[in-house]
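Scroll down for the structure; my scribbles are underneath it.
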Amino acid sequence: DSGVTQTPKHLITATGQRVTLRCSPRSGDLSVYWYQQSLDQGLQFLIQYYNGEERAKGNILERFSAQQFPDLHSELNLSSLELGDSALYFCASSVDLGVGNTIYFGEGSWLTVV
Amino acid sequence: AQTVTQSQPEMSVQEAETVTLSCTYDTSESDYYLFWYKQPPSRQMILVIRQEAYKQQNATENRFSVNFQKAAKSFSLKISDSQLGDAAMYFCAYRADPTYGNKLVFGAGTILRVKS
Numbered sequence: 443d444s445g446v447t448q449t450p451k452h453l454i455t456a457t458g459q460r461v462t463l464r465c466s467p468r469s470g471d472l473s474v475y476w477y478q479q480s481l482d483q484g485l486q487f488l489i490q491y492y493n494g495e496e497r498a499k500g501n502i503l504e505r506f507s508a509q510q511f512p513d514l515h516s517e518l519n520l521s522s523l524e525l526g527d528s529a530l531y532f533c534a535s536s537v538d539l540g541v542g543n544t545i546y547f548g549e550g551s552w553l554t555v556v
Numbered sequence: 030a031q032t033v034t035q036s037q038p039e040m041s042v043q044e045a046e047t048v049t050l051s052c053t054y055d056t057s058e059s060d061y062y063l064f065w066y067k068q069p070p071s072r073q074m075i076l077v078i079r080q081e082a083y084k085q086q087n088a089t090e091n092r093f094s095v096n097f098q099k100a101a102k103s104f105s106l107k108i109s110d111s112q113l114g115d116a117a118m119y120f121c122a123y124r125a126d127p128t129y130g131n132k133l134v135f136g137a138g139t140i141l142r143v144k145s
């Protein structure tokens, strides 16, 4: 158990809908990362938050947004869903911005868009 | 831009044998970290080993060791005495200075199959 908690574990929704994925980082971790793992694209970095502020942005679609709350949990919002958004979405956390710090991954949220 | 390349989509090894997974990366940074993550069928991402670019000595964790060639920008993972539980997807990853965002950049992964 990495200590990073993601909910829901599985989600099936229809095209055009909106979903919210939730992440609770490890206790004391200030930095949260979101990654998307599709079958044919490996692990793609979406966005990073540090202590409530956006720190880095990757290949995140405009239909997607995220935020980190004062209690440090984070949410990834996916809207106007398309079939191609079906993927495993990982949340990960680390204690701070130190490059050598371990990044711990949650078990992921499986999103299926039908 | 930092990129990580894993040129072996799939590898096989006999139980108890040794296997090496390859990884190359491209960066202009002088200080960075390299990682190998294991993703078993459960899809959990598990850190296997890490290497700091400034350290000459290759990292070792039990049966797992790396061959880090900084000049060649190569970072291979050697698994000794392979076990059935080692069967998984292995990802090589790079992480650099927080000024540029200290996210992990992953390679495409190598599927490792272990034969009994």
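Chains as they are written, first to last, in my numbering: chain A, 443 to 556; chain B, 30 to 145.
Idealized CB from N, CA, C, for every residue including glycine.
Length of the line joining the Cα atoms of residue i and residue j
| i | j | result |
| --- | --- | --- |
| residue 59 (chain B) | residue 116 (chain B) | 33 angstroms |
| residue 122 (chain B) | residue 513 (chain A) | 29 angstroms |
| residue 446 (chain A) | residue 546 (chain A) | 7 angstroms |
| residue 90 (chain B) | residue 537 (chain A) | 22 angstroms |
| residue 479 (chain A) | residue 511 (chain A) | 24 angstroms |
Residue i vs residue j beta-carbon contact at 8 angstroms
| i | j | result |
| --- | --- | --- |
| residue 462 (chain A) | residue 523 (chain A) | no |
| residue 133 (chain B) | residue 104 (chain B) | no |
| residue 535 (chain A) | residue 443 (chain A) | no |
| residue 481 (chain A) | residue 551 (chain A) | no |
| residue 95 (chain B) | residue 101 (chain B) | no |
Contacts around residue i, its chain only, beta-carbon distance under 8 angstroms, and the 5 residues preceding and following it disregarded
| i | result |
| --- | --- |
| residue 144 (chain B) | 41, 42, 43, 44 |
Residue i versus the options, residue with shortest Cα-Cα distance
| i | options | result |
| --- | --- | --- |
| residue 141 (chain B) | B:108, B:131, B:57 | B:108 |
| residue 68 (chain B) | A:453, A:473, A:549 | A:549 |
| residue 539 (chain A) | A:498, A:521, A:516 | A:498 |
| residue 476 (chain A) | A:460, A:450, A:516 | A:516 |
| residue 93 (chain B) | B:84, B:65, B:138, B:124 | B:65 |
Rounded Cβ spacing between residue i and residue j (contact assumed at less than 8 angstroms)
| i | j | result |
| --- | --- | --- |
| residue 52 (chain B) | residue 80 (chain B) | So it is not a contact: roughly 11 angstroms between Cβ atoms. |
| residue 76 (chain B) | residue 119 (chain B) | No, residue 76 (chain B) and residue 119 (chain B) are not in contact; Cβ-Cβ is about 11 angstroms, not under 8 angstroms. |
| residue 33 (chain B) | residue 135 (chain B) | 6 angstroms |
| residue 56 (chain B) | residue 73 (chain B) | That pair is no contact at about 28 angstroms. |
Close Cβ partners of residue i (< 6 angstroms) along its chain, the five nearest in sequence each way excluded
| i | result |
| --- | --- |
| residue 507 (chain A) | 519 |
Other residues of its chain near residue i: CB distance less than 7 angstroms, five sequence neighbours each side excluded
| i | result |
| --- | --- |
| residue 99 (chain B) | 82 |
- Taking only beta carbons into account, state which residues of the stretch 60-93 of chain B come closer than 9 angstroms to chain D, listed in chain order. Of the protein chains in the structure, A and B, none is chain D.
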